[in-house]
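A.B. asks:
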Amino acid sequence: MPGAVPGPAGQQSLLSLWATPLGVHRWARAQELNPLLARVLGSLRAVSQPQPAPFFASEDDLLERIRLPEWQDFVRFVVDSLHATVAQANRAAWPQPAPALQVHLRGMWFQVANQGASHDVHTHGNCSWSGVYCVQVDEDSVRVADPLLGERNGVTRFYGPYFPHLGGAHADLGNAYLQSAHVDIAPLPGQLIVFPSWLAHQAMAYRGERDRIIVSFNASVHAAQGGDRLRGYAAA
Ligand SMILES: [Fe+2]
Numbered sequence: 028m029p030g031a032v033p034g035p036a037g038q039q040s041l042l043s044l045w046a047t048p049l050g051v052h053r054w055a056r057a058q059e060l061n062p063l064l065a066r067v068l069g070s071l072r073a074v075s076q077p078q079p080a081p082f083f084a085s086e087d088d089l090l091e092r093i094r095l096p097e098w099q100d101f102v103r104f105v106v107d108s109l110h111a112t113v114a115q116a117n118r119a120a121w122p123q124p125a126p127a128l129q130v131h132l133r134g135m136w137f138q139v140a141n142q143g144a145s146h147d148v149h150t151h152g153n154c155s156w157s158g159v160y161c162v163q164v165d166e167d168s169v170r171v172a173d174p175l176l177g178e179r180n181g182v183t184r185f186y187g188p189y190f191p192h193l194g195g196a197h198a199d200l201g202n203a204y205l206q207s208a209h210v211d212i213a214p215l216p217g218q219l220i221v222f223p224s225w226l227a228h229q230a231m232a233y234r235g236e237r238d239r240i241i242v243s244f245n246a247s248v249h250a251a252q253g254g255d256r257l258r259g260y261a262a263a
């Protein structure tokens with residue numbers, strides 16, 4: 028591993044290993060798309076949930092169910108954003124020049140929340156990358172003014188790889204670096220977060236004047252030609 032070899036005697040180095048990649052993107056045409064998408068998703072929800080409840084999650088078949096040109100442009104933006112983040116995250120792992128890619132969206136769905144509804148901690152399976160796009164939420168000044176939920180109203184909370192190591196709750200100055208084990212990303216209409224599917228996350232409780240509407244997806248990423256495996260298994 029580059030950097031793992033000690034330097035000359037008397038010198039020291041620090042390896043900061045296993046960073047968590049997370050891409051943040053903004054859809055330039057969100058103001059055009061989001062109101063339209065909110066209406067379309069509202070119609071789809073009404074079919075499955077005629078009596079609105081505080082929480083709704085659709086089936087993961089949005090790619091087959093929505094046929095608008097604005098939607099097709101949005102899906103291209105999602106694929107391009109995935110491509111960019113995945114290429115950056117794998118720059119050191121892939122052979123160079125980087126291989127041509129096929130990005131496969133393995134399912135896309137939407138969720139609607141209000142009245143304090145949340146989505147508990149989870150990861151996504153059968154994929155390597157996932158994402159969440161914010162369609163609608165209260166303006167920040169309104170959102171954080173909720174007397175009970177405050178700043179965390181409707182945020183997406185990501186739990187980093189250090190989180191499980193907080194078991195036992197030993198905390199001193201020596202492990203202060205462990206203690207920022209989660210990060211909250213505020214919902215912002217038009218913002219897309221692309222994250223590794225293994226990364227535990229949670230939609231925190233939301234309460235607002237407008238429903239919190241998000242579109243989520245799973246994806247796998249493959250070489251356009253040949254196999255995906257970079258290394259063979261060593262012979263025993
Ligand atoms: Fe999720």
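Letter 58 of the sequence shown, counting from 1, is numbered 85 in my numbering, and no numbers are missing. Every residue gets a Cβ at the ideal spot worked out from N, C-alpha and C, and that includes glycine.
As a quick check of your reading: which residues have a C-beta less than 6 angstroms from at least one non-hydrogen atom of ligand 1, in chain order?
C.D. replies: Spelled out in chain order, the answer is His149, His151, His228 and Ser243.
A.B. asks: Return the residue from the list Ala80, Arg94, Leu63 and Gly143 that minimises the CA-CA distance to Pro174.
C.D. replies: Nearest of Ala80, Arg94, Leu63 and Gly143 to Pro174, Cα basis: Gly143.
A.B. asks: For the alpha helix (DSSP H) containing Trp98, name the first residue and the last one.
C.D. replies: Per DSSP, Trp98 belongs to the alpha helix (DSSP H) from Pro96 to Ala116.
A.B. asks: Return yes when the Cβ of Gly217 is within less than 7 angstroms of the Cβ of Arg53, no when it is not.
C.D. replies: Yes; because the gap between Cβ atoms is below 7 angstroms, this pair is in contact.
A.B. asks: Spatial neighbours of His131 within its chain, please: CB distance less than 8 angstroms, with the 5 preceding and 5 following residues excluded, ordered by chain position.
C.D. replies: Closer than 8 angstroms at the Cβ level, and outside the excluded window around His131, lie Ala246, Ser247, Val248 and His249.
A.B. asks: Quick check on the DSSP output: the beta strand (DSSP E) that includes Val221 runs from which residue to which?
C.D. replies: Gln218 to Pro223 is the span of the beta strand (DSSP E), which, as asked, contains Val221.
A.B. asks: Who are Cys161's beta bridge partners in DSSP?
C.D. replies: According to DSSP, which records beta bridges pairwise, Cys161 is partnered with Ile241.
A.B. asks: By Cβ distance below 6 angstroms, which residues in the same chain neighbour Asp255 in space, the five residues on each side in sequence not counted?
C.D. replies: Excluding positions up to five away in sequence, the list reads His249.
A.B. asks: Between Val164 and Arg237, which are expected to be in contact by the criterion C-beta below 8 angstroms, what is the C-beta distance as a whole number of angstroms?
C.D. replies: Yes, they are in contact, since the Cβ atoms of Val164 and Arg237 sit about 7 angstroms apart, within 8 angstroms.
A.B. asks: Taking the runs of the beta strand (DSSP E) that are 3 residues or longer, which of them lie wholly in the region 69 to 98?
C.D. replies: Complete beta strand (DSSP E) runs here, min 3: 82 to 84.
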